[in-house]
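The structure appears below as structure tokens.
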């Protein structure tokens, strides 16, 4: 499966959170068809493998394969260096960054409480998902 | 004619006052508004509108003709806005004036305007837009004034982020789909004294509440979380009651603000 740089996958067990993230992404210029959703890490993994998605916005805490499990499976076990992986969470960030450091992962982590604000703006997206940002409409960057 | 949107079926009946002295215009407006199942109350003059509002200010929108006999629409609007009981109701001018004159209407205190030779799409768009403004004002009004505890919902912040009623309705429905599930799981975890389960539900409720600006529910979930971590059983039971109460209170608030049916399945 060739890599799909124009699509982004939202992973969260709450429909409400997925919808809020989706709306923010759409507001930033990402086409609705290029936004996919998964309810947990296991479902996300299956989609990533089947569709070649490389951009992932993933919740930290999920009942079935949480964000760190998914990240470690993809980034450590499978050495998927092409992936753009960002975690978001309602858990204090220090706890997560400590957990990530323990397993040798260095990926962006952002607070879920800032979902309503600016972290899915085009400039932020450009930093985390540069290939996705390139595909956005010019006037909305 | 415009077809009702998907969310219209879930909305409760809205009351709209139409201040219009020409029977023909009134009949057209009433027919258009009835398409969405909205209730229309007619007033043939500015004076009649003020009399009706003095008895019953429960209207979501006022459509105001400007060229009324006697007290004109601008003066009637000025008096409506002087009355604390109804100043939050958006008043939309029905006008055939030029663009410059329409801008003067806004300066005179009207909240918006629609062309008198309106089409239903324009009318519905204007009403939808101003309904949000009206609810935002009501949310900031005396009923939600600070009473020492957090409000059910910071509608102003939510409205500032999602200034679109259809999107707000989608978000609210998704929020309650998840929150209702979490409340059920939380009840089960409380009954089983499953601390890990309780904390997981509190975590989820707190996160979603923070994003939805549901401050009271978020605070109650945080309180329950703290009680569980400190192993305060009696206080935890009380906190659980407060979580449920905040959840139901929020449902009522959101339902009223968005005219949306949010039944608990």
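Residue numbers (our numbering), protein chains in the order written: chain P, 1 to 141; chain F, 1001 to 1265. Backbone N, C-alpha and C define an ideal beta-carbon position, used for all residues, glycine too.
>> Tell me the residue span of the alpha helix (DSSP H) that contains residue 45 of chain P.
In response: 41 to 51
> Just by C-beta distance, which residues in the segment 1203 to 1222 of chain F are closer than 9 Å to chain P?
Replying inline: 1203, 1204, 1206, 1207, 1208, 1210, 1211, 1212, 1213
> Which residues in the same chain as residue 1059 of chain F place their Cβ atom closer than 6 Å to its Cβ, once the five residues preceding and following it in sequence are excluded?
Replying inline: 1015, 1017, 1089
>> How far does the beta strand (DSSP E) with residue 111 of chain P in it extend, from its first residue to its last?
In response: 109 to 111
> Expressed to the nearest angstrom, what Euclidean distance is found between the alpha-carbon atoms of residue 1050 of chain F and residue 1120 of chain F?
Replying inline: 26 Å
> When we look at the beta-carbon of residue 1186 of chain F and count the other beta-carbons within 10 Å, is it buried (16 or more) or exposed?
Replying inline: buried
> Does DSSP classify residue 1059 of chain F as helix, strand or coil?
Replying inline: coil
> Which residues share a DSSP beta bridge with residue 104 of chain P?
Replying inline: Paired residue(s): none; residue 104 of chain P is not in a bridge.
>> What does the alpha-carbon distance come out to for the pair residue 1007 of chain F and residue 16 of chain P?
In response: Its pLDDT being 45, under 50, residue 1007 of chain F is placed unreliably by the model, and nothing is read from it.
>> Does the CB of residue 1175 of chain F have a neighbour CB from chain P at under 9 Å?
In response: yes
> Mind checking if residue 1225 of chain F is an interface residue toward chain P, Cβ cutoff 9 Å exclusive?
Replying inline: no
> Does the beta carbon of residue 16 of chain P sit closer than 9 Å to a beta carbon anywhere in chain F?
Replying inline: yes
>> With distance defined between alpha-carbon atoms, name the residue in F:1054, F:1103, F:1065, F:1094 nearest to residue 1082 of chain F.
In response: F:1054
> Where residue 1011 of chain F and residue 102 of chain P are concerned, what is the direct C-alpha to C-alpha distance, given to the nearest angstrom?
Replying inline: Low confidence applies to residue 1011 of chain F: its pLDDT is 45, below 50, so where it sits in the model is not reliable, and the reading given next is rough at best. If you take the alpha carbons of residue 1011 of chain F and residue 102 of chain P, they lie about 51 Å apart.
> Within this structure, are the beta carbons of residue 1073 of chain F and residue 1046 of chain F separated by less than 9 Å?
Replying inline: yes
>> Taking the beta carbon of residue 1130 of chain F as the centre, do at least 16 other beta carbons fall within 10 Å, making it buried, or is it exposed?
In response: buried
> So which residues of chain P does residue 1178 of chain F contact, with C-beta pairs closer than 7 Å?
Replying inline: 14, 15, 16
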